[in-house]
Each structure stands twice: as structure tokens, then as C-alpha cells.
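Worksheet for the structure shown next.
Numbering (this note's numbering), first residue to last: 245 to 387.
Right, dumping it as C-alpha cells:
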């Protein structure tokens, strides 16, 4: 049986998903990001600035966009499970916030988390956004 050559050129939109030589490293970092979002979500909140621009919602969108963008590069063949898992994770964290006297559950945060996860997945439709294969090559990972 002959193996296909799986070269990946992020700027040219090569085959997706590519084989990552440093998959374990990228996945450990992905789990660290997920854990960091969880810790930050459950810490007592600092005093809130005036909510003129709803910066809080932008932070939620950005956090879950980055989580989805990174995790989907680590587990590209499990895209639906990754996005669904992040959405459930965001909802669960909001539910846990309801149990804390220093935090409160906000439906708007759940929606922002969901939008961020979906946006992170959509971002990967643009080949230059797929940076882990490039980082893998630069660090000497196999192809």
C-alpha cells in the first residue's frame, strides 16, 4: 500500500488535515488554554468598568474563537465534537458561575461563547489561519 504525500502549505490551502509532528505539544497547549479559560471564568470577577461597549461579550467571543481555532487544528477530524464540546463547556462554566456569590449566570455570555466557537471554526476555512502546520515545520516536526 502506497502512502500519499501529505505536504501542507498553509498559504496555498494544502491538504487538510495535515499530519502534525508535534501533535502532543499542540494538544497539551490546547488543554492548557481550555483550563485557563475555565479558571478565569470561575475566579471572582474584578470590579466591572462601565458597560458602554459591552467589552465583556467581546472577551467571551475572543476567548472561544481562540479556543476553537487552536483546538480544531489539534483535532481536525473531530470538528463537530470540538465545537459542540466548547459550546457545552461555555454553558457549563456559566452555570457554575451561578453557584458563586461573586459571579452570575448570563445568557449573553453563553451566546458570546457559542458565537466565538463557531467563528473560530469558520476562521479555519481560510487556509492562512491554519498556523500549527507551519509552526510544526518551523520547529522541525515531521510532515
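Every residue, glycine too, gets a C-beta built ideally from N, C-alpha and C.
Three-state secondary structure assigned by DSSP to residue 378: helix
Closest by C-alpha distance to residue 285, when choosing among 354, 362, 363, 359: 354
Helix, strand or coil at residue 251 [DSSP, three-state]: Annotation note: pLDDT 43 at residue 251 (below 50); position unreliable, no value reported.
For residue 301 and residue 321, the rounded distance between their alpha carbons: 29 Å
Assigned secondary structure, residue 287 (DSSP; H/G/I helix, E/B strand, else coil): In the three-state reduction of the DSSP assignment, residue 287 falls in the coil class, being assigned neither a helical nor a strand state.
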